[in-house]
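Written below as structure tokens is the structure these notes are about.
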Amino acid sequence: MKIDHVAMYVKDLEKAREFFTTFLNGTSNALYHNQRTGFQSYFISFDNGARLEIMTRPDIVDDPKALTRTGFVHIAFSAGSKEAVDTLTKRLQQDGYEVISGPRTTGDGYYESCIVALECNQIEITV
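Per our numbering, residue 2 is the first one in the sequence shown, and the count goes up by one each step.
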């Protein structure tokens, strides 16, 4: 078994698409739009075959998101090296994204940083 893709609802689909393609080197497919329901989505593909589906529709609810909540908490992206983690973290911070941890080596040995982006969702950058 392998995970085929992860999906997330967002209010601003185009901003989410821009984030994943600009900062995380994803490649987007063409917009899918169901005219009957208003549902819209993109699949963002990454070099290793992982895919992220970003979706929106007019009736989604954007409840407040506690950083320590049940359910899916973050999506982690491998930058390839400590230097790349540092560089990307600095770039994201300079572009106005909140860095909530790191870059640092965690107690279990990961080198990572974590930012809050895309409607209060956490994105982790690792080696």
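For each residue, glycine too, the CB sits at the ideal point set by N, CA and C.
Opening and closing residue of the beta strand (DSSP E) in which residue i lies
i, result
"VAL117", "112-118"
"LEU53", "52-57"
"GLN8", "For the sequence presented, residue 8 should be read as Ala rather than Gln. 6-10 is the span of the beta strand (DSSP E), which, as asked, contains ALA8."
Beta-carbon contacts of residue i that lie in its chain and below 6 angstroms, excluding the five residues immediately before and after
i, result
"LEU89", "ALA80, ILE126"
"LEU93", "ILE116"
"ALA17", "VAL11, ILE55, LEU119"
Element boundaries [alpha helix (DSSP H), containing residue i]
i, result
"LEU25", "Per DSSP, LEU25 belongs to no alpha helix (DSSP H) and is neither H nor E."
8 angstroms contact criterion, which residue i and residue j should meet: CB distance rounded
i, j, result
"VAL1", "LYS83", "One cannot answer for residue 1 here, as it falls past the ends of the chain, which runs 2 to 128."
"THR57", "VAL11", "6 angstroms"
"GLN41", "LEU14", "6 angstroms"
Close Cβ partners of residue i (< 7 angstroms) along its chain, the five nearest in sequence each way excluded
i, result
"THR107", "GLU113"
Do the segment 17-33 and the segment 41-48 make contact, defined as three or more Cβ pairs closer than 8 angstroms?
Yes, since at least three Cβ pairs between the segment 17-33 and the segment 41-48 fall closer than 8 angstroms, the two stretches touch.
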